[in-house]
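Numbering-wise (UniProt numbering), the sequence shown opens with residue 1 and increments by one.
Glycine included, C-beta positions come from ideal geometry on N, C-alpha and C.
Everything numeric in this text was worked out from a predicted model, so none of it was measured.
Below is one structure, written out as structure tokens, with a few remarks after it.
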Amino acid sequence: MEIVMSVLAGLLFMTGVYNLLQKQLLRIVIGTALISHGAHLTILTMGKLKDGAAPILTDGVENYTDPLPQALILTSIVISFGVTSLLLVLAYRASKINHTDNMEKLRGNDYE
């Protein structure tokens, strides 16, 4: 299962980087969201996907799930949601003011 999750995280990183290198502002925002989802899957995979009891340690419990990767992912989801919403608002504002979402035109370059 870890192999499948690692390949999926790699695909998310690959498509995220591809979208970051595009000229449209919305694709750049989507690229950052895909990279953050790839990071979530990487953290989950590094925490070893195993079945077990709840992370409440009592006497006699041998097999339990580690809660740390889940807490890190939950924190990361909240942070990435805030960053994505901020980027969407900035992209909307920049496109309304400049009447374009092309990064080359926003940089001041007139060629396409």
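- Element boundaries [alpha helix (DSSP H), containing Gly82]: Position 82 of the sequence shown holds residue 82. Segment 68-98, the alpha helix (DSSP H) holding Gly82.
- Return the first residue and the last residue of the alpha helix (DSSP H) that Ile3 is part of. Here residue 3 refers to the residue found at position 3 when the sequence shown is read from its first residue. Per DSSP, Ile3 belongs to the alpha helix (DSSP H) from 2-20.
- Terminal residues of the continuous alpha helix (DSSP H) containing Leu41? Numbered from its first residue, the sequence shown carries residue 41 at position 41. 25-46 is the extent of the alpha helix (DSSP H) around Leu41.
- Query: How should Ala9 be labelled, buried or exposed, when 16 other C-beta atoms within 10 angstroms of its C-beta is the threshold for buried?
  - Reply: Within the sequence shown, the letter at position 9 stands for residue 9. Label assigned to Ala9: buried.
- Query: Below 8 Å, can you find three or more Cβ-Cβ pairs linking the stretch 41-48 to the stretch 80-96?
  - Reply: no
- Task: Taking 7 Å as the cut-off, decide whether the C-beta atoms of Thr38 and Asn19 are in contact.
- Result: Within the sequence shown, numbered from 1, the residue matching residue 38 stands at position 38. Within the sequence shown, numbered from 1, the residue matching residue 19 stands at position 19. The amino acid occupying residue 38 in the given sequence is Gly; Thr does not appear at that position. Their beta carbons are not under 7 Å apart, which means Gly38 does not touch Asn19 by this criterion.
- Message: Considering only the alpha carbon of each residue, which of Met5, Met14, Gly47, Arg107 lies closest to Thr65?
- Response: Sequence index remark: in the sequence shown, residue 65 carries index 65 (1-based). When each option's Cα is compared against that of Thr65, the closest is Gly47.
- Query: Among the residues of its own chain, which have a CB less than 7 Å from the CB of Lys23, if the five just before and after it don't count?
  - Reply: As a first step, residue 23 must be located in the sequence shown, where it is residue number 23. The answer, listed in chain order, is Asn102, Met103, Glu104.
- Message: Measuring alpha carbon to alpha carbon, tell me which residue in Met1, Ile3, Leu26, Ser36 is nearest Met14.
- Response: Here residue 14 refers to the residue found at position 14 of the sequence shown. For Met14, the nearest C-alpha among the options comes from Ser36.
- With distances taken from CA atoms, which of Leu34, Val7, Phe81, Leu90 is nearest Gly16? Counting from 1 along the sequence shown, the entry for residue 16 is found at position 16. Cα-wise, what sits closest to Gly16 is Leu34.
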